[in-house]
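S.K.: Mind having a look at this structure? Questions to follow.
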Amino acid sequence: MSALEQELEQLIKHLNDKNKLVAKSFLSWLLENQLDEEDDLLTPEDIRAIEQGRQELMKREAVPLEDLKRDLGL
140 MSALEQELEQ LIKHLNDKNK LVAKSFLSWL LENQLDEEDD LLTPEDIRAI EQGRQELMKR
200 EAVPLEDLKR DLGL
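Mapping of the sequence shown onto this note's numbering: position 5 corresponds to residue 144, and the numbering continues sequentially without gaps.
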């Protein structure tokens, strides 16, 4: 087993049952949408946008999608 696989195993062991379910769902999605070697990876701009989103979530500045849809009448 590689060091990365061992690290992933340890991370999963420390999750509570609810978060294990979330991790399983995400990993299943990731497996279905796995990138091939030739696929484009995230650009620096993509990474900045993700980080900005994380920061907004932590500061509670993000607007939930359902609220946005309601405000836009969708």
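Using N, Cα and C, we set each Cβ at its ideal position, and we do this for glycine too.
Everything numeric in this text was worked out from a predicted model, so none of it was measured.
In terms of residues, what are the limits of the alpha helix (DSSP H) holding ALA201?
M.R.: That residue, ALA201, is in no alpha helix (DSSP H); it is neither H nor E in DSSP.
S.K.: To the nearest angstrom, report how far apart GLU146 and GLU184 are at their CA atoms.
M.R.: Looking at the two C-alpha atoms, the distance is approximately 28 Å.
S.K.: Can you round the beta-carbon distance between ALA162 and LEU154 to whole angstroms, since I take them to be within the 8 Å contact cut?
M.R.: ALA162 to LEU154, Cβ: 6 Å. Contact.
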